[in-house]
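Enquirer:
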Amino acid sequence: MKTFSLLNSYAKHIRRFHRPYENPIDRDDRQAGGDGLNINLEVQSNGELEEDEDFPDIHWQADDEVQAVHLEDLKTRAASFILKMRSNSTTTVSQVTEVVANTKEILSETLHTLKHDVQNLLMQHNIDCSTDDTTSVLEKFDCFSSLFDGLENPSQQMRYIESNLKYVKPQERALGHRYDQVIDKNTCTLRQKLVTETFQYIPVIDSLQFILNGETQNLIQAEMVNEVRSGIRSYTDGNQYKRHGLFQEHPHALRIVLYYDEIELANPIGSKRIVHKLGMFYYSIQNLPVRMNSSTKSVYLLAVCHALDIKKYGFEPFLQPFVEEMKKLESDSGYNIVLPDGILKVHGTLTSVCGDTMALHDLFGFLSPSANKFCRMCLAGRNDRGSFFEEEHFTMRSIEEHDENTELALGLRNGDSTTGVKGKSILNELRYFHVVTNYNFDIMHDMLEGVCPFEVKLILRQVILEEHLISLEDLNGRITAFSYSFTDKKNKPTVISLSTLRNLKDHSLGQKASQMWCLVRMLPLLIGDKIPLEHDHYELLLLLLR
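Everything in the sequence shown is counted per UniProt numbering, starting at 1 for the first residue and increasing by one.
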């Protein structure tokens, strides 16, 4: 019997020796090269790889099993090891190359020593080392010492990935040209060079060839899309799904969710913070079970570009190939995808787009959120937002009126301030999607990075700086010493400085979105004993939590 003291170690054992019980998404990911790469590179929210010590000590019992391990299997694991390092944004390419070289050297020396010891042992027992059986065993030491051969540098690694793993090669697409300054090696002077501006695009349909394996197809077909239940638990419970032209004909057609955000690769407060910022497009498939869609392994990379190029060219050229692929899936005949076990006819469409408010206003062709008509769903003005709070008091945007407003706005230099429309969106070319029917808002950006820090900061200013019901030192002490649950420990809020609390120029509390989610839920437990009953400002916090 084998004993496991760590949950992560037990999970690895399950993946290695009990594959029929493995999550299909995890299995596909492992076959594609490990946790770091499937069709896209997985990026942890905190930039770190998961570690065993993050799990509580749980003891499991399992039967000892020894199975034959082939060189190709080990080579795939070696590639997975390399990809995990490469997927960590804090690890440079040169560091990965050095680690691979050192690991290869250690492995080679270890196997050479073991081979020598085995040969000595065989001779001590008068066993002939020249027989076919012993020679075959001894040759394996030399064979396995070449585990990292062909994986020493980035170019070799990519060749192996393309040939042996489930990898969809990104397409480099040209946008335009610009002049960059480069140093002439001969004269050591600066000269101008014409550079092609490009972005990377990963085709959706090519990716679906790997995503839609047999088990994933079964899970999609088994989804209870017509189940009658109270409340709204998923997109299929809403009226939009029930009235949707495509889903009425094909209830299990793929429901694609598009997501856009920007990431800063350089120091966020340094001088290079804008130059190296990237725009990232992702998508997920709503049809998959919740337990799978809650994992980042089910979020697939669509495109990567320079954020400055979006400001220069707009969103259209980056989303044009995506729209063309969606049109193929939206067609009456669907699209035939070639799978290992045959041809699969696939229907699908874009159902929603998520992102921060600024990005979606640009993507959807609206004026900025600071405009008078600031809402993507209705025609509310800034003078109305503090007086009316229910949908019936506002004029909702419609597809027909929005298309008319778009034509009018295109004739104006800065858009139409009376409607809040700036121009057209390429997503409106789709058969079953329109920007004014994108009814979802991103809770992370709008709530956890917007409303929550805004309201919590004002409440804390009131109870700490104005009414002195609790001191900032006491609050920070409670934040530090509070007994957080296992799921909240990683999202423990940071202490709040006095300068942050006093600064009204911005409404940030210096917390990440996950930390803000933890803080706003725990705040009544942290300060509730210091607040008198029916405190007006504190009541606002309780209303927010409801």
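Cβ atoms here follow ideal geometry from the backbone N, Cα and C, with glycine treated the same way.
It should be emphasised that the depicted structure is a prediction, and the values quoted were computed from it without experimental measurement.
Could you tell me whether the Cβ atoms of glutamine 209 and leucine 339 are closer together than 9 Å?
Expert: In contact: glutamine 209 and leucine 339 (Cβ atoms closer than 9 Å).
Enquirer: Any idea if serine 163 is buried or exposed, counting beta-carbon neighbours within 10 angstroms, 16 or more meaning buried?
Expert: Counting Cβ neighbours within 10 Å, serine 163 comes out exposed, since fewer than 16 surround it.
Enquirer: For a quick check, are the C-beta atoms of leucine 258 and histidine 276 less than 9 Å apart?
Expert: No; because the gap between Cβ atoms is not below 9 Å, this pair is not in contact.
Enquirer: Compare the Cα-Cα distances from valine 451 to each of Glu401, Leu379 and Trp517 and report the closest residue.
Expert: Among Glu401, Leu379 and Trp517, the Cα nearest to that of valine 451 belongs to Trp517.
Enquirer: Could you check whether the stretch 73-83 touches the stretch 143-156, counting it as contact only if at least three pairs of C-beta atoms, one from each stretch, sit closer than 8 Å?
Expert: Because the criterion of three Cβ pairs below 8 Å is met, the stretch 73-83 and the stretch 143-156 touch.
Enquirer: Hey, out of Asn8, Asn438 and Asn186, whose CA is closest to threonine 357's CA?
Expert: If we check each option's Cα against that of threonine 357, Asn438 comes out closest.
Enquirer: Short of 6 Å in beta carbon distance, which residues of its chain neighbour proline 170, apart from the five on each side in sequence? Order them along the chain.
Expert: The residues are Gln200 and Ile202.
Enquirer: Using the Cβ count rule (16 or more neighbours within 10 Å means buried), how would you classify residue 549?
Expert: Any question about residue 549 goes unanswered here, given that the chain covers just 1 to 546.
Enquirer: Serine 45 to asparagine 440, Cα distance in whole Å?
Expert: For serine 45, the predicted structure reports a pLDDT of 37, less than 50, and the residue's modelled location is therefore unreliable. The matter cannot be settled from this model.
Enquirer: Just the C-alpha distance for glutamine 248 and histidine 347, rounded to the nearest angstrom, thanks.
Expert: Going from the Cα of glutamine 248 to the Cα of histidine 347 covers about 12 Å.
Enquirer: Could you tell me which residues DSSP puts in a beta bridge with leucine 190?
Expert: Looking at the DSSP assignment, leucine 190 forms a beta bridge with Ile183.
Enquirer: Where does the unbroken beta strand (DSSP E) through alanine 303 begin, and where does it stop?
Expert: First-last of the beta strand (DSSP E) with alanine 303: 300-306.
Enquirer: Classify phenylalanine 389: buried if its beta carbon has 16 or more other beta carbons within 10 angstroms, exposed otherwise.
Expert: So phenylalanine 389 counts as exposed.
Enquirer: Using the three-state DSSP reduction, which class does aspartate 261 fall into: helix, strand or coil?
Expert: DSSP places aspartate 261 in strand when its eight states are reduced to three.
Enquirer: Determine the closest residue to aspartate 261 out of Lys242, Asn267, His250 and Phe281, with distance taken between C-alpha atoms.
Expert: With distances taken between Cα atoms, aspartate 261 lies closest to Phe281.
Enquirer: Starting from isoleucine 354 and walking both ways along the beta strand (DSSP E), at which residues does that stretch end?
Expert: Per the sequence presented here, residue 354 reads as cysteine, with isoleucine not at that position. From DSSP, the beta strand (DSSP E) with cysteine 354 extends over 348-355.
Enquirer: Roughly how many whole angstroms lie between the Cα atoms of phenylalanine 394 and leucine 523?
Expert: Computed Cα separation, rounded: 34 Å.
Enquirer: In whole angstroms, what is the alpha-carbon distance linking tyrosine 167 and aspartate 206?
Expert: Straight-line Cα distance between these residues: approximately 9 Å.
Enquirer: Where do the ends of the beta strand (DSSP E) carrying phenylalanine 281 lie?
Expert: 278-285 is the span of the beta strand (DSSP E), which, as asked, contains phenylalanine 281.
Enquirer: Can you tell me where the alpha helix (DSSP H) holding lysine 2 begins and where it ends?
Expert: Run containing lysine 2: none in the alpha helix (DSSP H); it sits in the beta strand (DSSP E), 2-6.
Enquirer: Taking DSSP's pairing of strands, which residues face cysteine 378 in a bridge?
Expert: Bridge partners of cysteine 378: Met396.
Enquirer: Can you confirm whether the stretch 395-402 touches the stretch 461-473 when touching is taken to mean that 3 or more C-beta pairs between the two stretches lie within less than 8 Å?
Expert: Verdict: no, contact absent.
Enquirer: Rounded to whole angstroms, how far is the Cβ of arginine 86 from the Cβ of valine 96, which I believe are closer than 8 Å?
Expert: The Cβ separation is near 6 Å, so the contact holds.
Enquirer: Out of curiosity, what's the CA-to-CA distance linking glycine 411 and aspartate 442?
Expert: C-alpha separation (whole angstroms): 31 Å.
Enquirer: Do leucine 427 and leucine 302 have their C-beta atoms closer together than 9 Å?
Expert: No, Cβ-Cβ distance for leucine 427 and leucine 302 is not below 9 Å.
Enquirer: Around the C-beta of glycine 214, are 16 or more other C-beta atoms found within 10 angstroms, so that it is buried, or is it exposed?
Expert: Exposed, by the Cβ-count rule.
Enquirer: Based on Cα-Cα distance, which residue from Thr113, Gly510 and Tyr179 lies nearest to leucine 498?
Expert: Checking every option, the nearest Cα to that of leucine 498 belongs to Gly510.
Enquirer: If leucine 138 and glutamine 119 are in contact, beta carbons under 8 Å, what's the gap, nearest whole angstrom?
Expert: Indeed, because the Cβ distance is near 7 Å, the residues count as touching under 8 Å.
Enquirer: Touching or not, the stretch 375-390 and the stretch 471-487, by the rule of three or more beta carbon pairs under 8 Å?
Expert: Touching, no.
Enquirer: Any contact of the stretch 405-419 with the stretch 363-378, i.e. 3+ C-beta pairs under 8 Å?
Expert: Flag = yes, the stretch 405-419 and the stretch 363-378 touch.
Enquirer: Only counting the same chain, and skipping five residues up and downstream in sequence, which positions put a Cβ closer than 7 Å to that of tyrosine 432?
Expert: Contacts found: His244, Gly245, Leu246, Glu330 and Thr349.
Enquirer: Taking DSSP as the reference, what is the three-state secondary structure of threonine 418?
Expert: In the structure shown, threonine 418 sits in coil (DSSP, three-state: anything other than H, G, I, E or B).
Enquirer: Where do the ends of the beta strand (DSSP E) carrying isoleucine 337 lie?
Expert: From DSSP, the beta strand (DSSP E) with isoleucine 337 extends over 335-339.
Enquirer: Count the other CB atoms, across all protein chains shown, that sit within 10 Å of the CB of arginine 382; report buried if there are 16 or more and exposed otherwise.
Expert: With fewer than 16 other Cβ atoms within 10 Å, it is exposed.
Enquirer: I need the boundaries of the alpha helix (DSSP H) containing proline 321, first residue and last residue.
Expert: Here the alpha helix (DSSP H) through proline 321 covers 316-330.
Enquirer: Using the beta-carbon count (16 or more within 10 Å), is tyrosine 10 buried or exposed?
Expert: The residue in question, tyrosine 10, is buried, as its Cβ has 16 or more Cβ neighbours within 10 Å.
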